[in-house]
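Visitor: Sharing a structure here in C-alpha cells format.
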C-alpha cells in the first residue's frame, strides 16, 4: 500500500498500524530501554557506525541484550520499505 509506514519490531518489518507491544514487555513495565536516533540524508544513514557503536556500548552499560541481527541490513530494509 502506497504511503504506509513500516517499523521494525521484534525482528520483523510490519506496518506501523499493526505494531503491538505486549503488556508484559519489560520496557513498558519498568521503563528499561535505550535508543539511537539516526538522521537520514537522501536515503543514507548519517554516521551509522557511530550510532551503532553507541547503541552497543549503552546496551552493555545498562545490561540490556541487543538482538543479534545485522542492524545495517535491517536499517536498509526499513528505509527501502518506507521509500
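Numbering (the working numbering), first residue to last: 414 to 496. Even for Gly, the Cβ is constructed at its ideal location relative to N, Cα and C.
Please confirm whether residue 479 and residue 471 have their CB atoms less than 7 Å apart.
Guide: It is not a contact, given that the beta carbons lie outside the stated cut-off.
Visitor: Looking only at its own chain, which residues have a Cβ that is under 8 Å from the Cβ of residue 447, when we skip the five neighbours before and after it?
Guide: Once the five neighbours on either side are set aside, the close Cβ partners of residue 447 are 468, 471, 472, 475, 477.
Visitor: Quick check: the Cα distance between residue 423 and residue 438, rounded to an integer number of angstroms?
Guide: Residue 423 and residue 438: Cα-Cα distance of roughly 11 Å.
Visitor: If we require 4 or more residues per run, which alpha helix (DSSP H) segments fall completely within the stretch 421-464?
Guide: You should have 439-443.
Visitor: Excluding the five sequence neighbours on either side, which residues of its own chain have a C-beta within less than 7 Å of the C-beta of residue 419, listed in chain order?
Guide: So the qualifying residues of the chain are 426, 427, 428, 429, 491, 494, 495.
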